[in-house]
Amino acid sequence: MGIKAKVALGAVVGLVVIGAVSANAGNDGKGGGSGAGNKGSSASAEHESGGKKESGGAAAAEEKKVAFGGDGEYRVGTDVKPGTYRTTGNSDGLCYWERAKDASGELDSMLANDNVSGTSYVTIKPTDNLFKSSDCEDWEAVDPKAKGTPGSSMDGDGGMYKVGTDIAPGTYKSTGNTDDGCYWERVKDAGHGLDSIIANNNVKGTAVVTISASDAYFKTNDCGDWKKA
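In this note's numbering, the protein residues as written are 43 to 271.
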């Protein structure tokens with residue numbers, strides 16, 4: 043499938059790895075995403091019960107453990123370690139992150155970037171020089187082998203869902219897309235480059251997509267809520 047529109051460009055902070063990562067698929071929270079341009083999305087993956095955060099006991103240990111803040115420029119290998127990170131709860135769409143090969147600030151130094159609504163996952167590589175984050179919620183480190191309880195529905199503006207952890211593989215249907223602003227993307231990793239994209243589409247009306255068990259993540263922006271067929 044051809045690549046469609048809405049694809050974006052692509053003191054040491056301790057690496058605190060979270061345990062089981064399980065998104066509240068289909069909750070009321072918003073999320074957002076990816077790319078080589080400016081529009082993207084991510085999954086809402088908070089540990090909640092009945093729409094409210096749990097507190098105390100074992101639940102308290104599951105709360106987000108901050109690896110680094112949502113505002114700042116971090117030198118890779120000095121301020122932040124390479125690895126996969128996640129930010130959640132970005133409800134206003136102003137969260138912006140960028141992977142860069144140097145600190146020149148020039149356009150050609152950019153490796154990948156995204157504007158996030160909801161949740162975003164991103165893999166910072168050892169070859170990256172700088173990671174920039176602005177107006178984002180704090181970032182937590184994610185164990186790529188972490189397990190969760192995958193859901194069978196998704197917020198259509200929830201952003202980025204980890205397949206097999208946040209969301210189960212299968213065929214999903216979204217309705218209520220009144221214009222072609224609905225965008226979805228199946229991806230093989232959290233690098234956010236053009237070569238990360240397996241398939242994508244801009245949809246008006248009803249959208250149907252089959253998420254494979256071999257997909258790493260699914261991104262969704264400005265769509266109606268998704269339910270497994």
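Positions of the beta carbon are idealized from the N, C-alpha and C atoms, including for glycine.
On a predicted model such as this, the values are computed, not experimentally measured, just so you know.
query, result
"Decide if Lys261 is buried, meaning its Cβ has at least 16 other Cβ atoms within 10 Å, or exposed.", "buried"
"Give me the Cα-Cα distance between Thr191 and Gly212, rounded to the nearest whole angstrom.", "15 Å"
"Considering just the uninterrupted stretch of the beta strand (DSSP E) at Leu153, what are its terminal residues?", "Met152 to Ile166"
"Per DSSP, which one or two residues make a beta bridge with Lys204?", "Tyr259"
"Relative to the C-alpha of Tyr116, which residue among Glu179, Asn171, Gly266 and Asn155 is closest?", "Asn171"
"Nearest to Leu236 by CA position, among Phe173, Thr120, Asp113 and Asp156, is which residue?", "Asp156"
"Mind checking which residues open and close the beta strand (DSSP E) that includes Glu179?", "Taken as a continuous stretch (DSSP letters only), Glu179 belongs to no beta strand (DSSP E), as it is neither H nor E."
"By alpha-carbon positions, which one of Ala255, Pro186 and Tyr225 ends up nearest to Gly247?", "Tyr225"
"Please list, in chain order, all residues of the same chain as Thr252 whose beta carbon is under 6 Å from its beta carbon, the five residues on each side excluded.", "Thr213"
"Please tell me whether Gly233 and Gly266 are closer than 7 Å, where the distance is taken between their beta carbons.", "no"
"Does DSSP classify Ser216 as helix, strand or coil?", "strand"
"According to the neighbour-count rule (16 or more other Cβ atoms, all chains shown, within 10 Å of its Cβ), is Ala258 buried or exposed?", "buried"
"Considering only the beta carbon of each residue, do Ser216 and Gly193 sit closer than 7 Å?", "no"
"Can you check which of these residues, Pro186, Asp264 and Asp222, is closest to Asp208 by C-alpha distance?", "Pro186"
"Cα separation between Lys230 and Val158?", "19 Å"
"What distance in whole Å lies between the Cβ atoms of Tyr127 and Val205, which are believed to be in contact at a cut-off of 8 Å?", "About 18 Å; that fails the 8 Å criterion."
"Considering Cα atoms alone, identify which of Phe173, Ala210 and Gly135 is closest to Lys189.", "Ala210"
"Reducing DSSP to helix, strand and coil, say where Asp274 ends up.", "Only positions 43 to 271 of the chain appear in this structure, which leaves residue 274 out of reach."
"Tell whether a beta-carbon distance below 7 Å holds between Asp180 and Gly111.", "yes"
"Quick check on Gly92: buried or exposed, where buried means 16 or more other Cβ atoms within 10 Å of its Cβ?", "Annotation note: pLDDT 34 at Gly92 (below 50); position unreliable, no value reported."
"Give me the residue from Leu153, Ala255, Lys107 and Ser146 with the minimum Cα distance to Lys167.", "Leu153"
"When you compare each of Trp139, Arg228 and Ala109 to Asn244 by their alpha carbons, which one comes out closest?", "Arg228"
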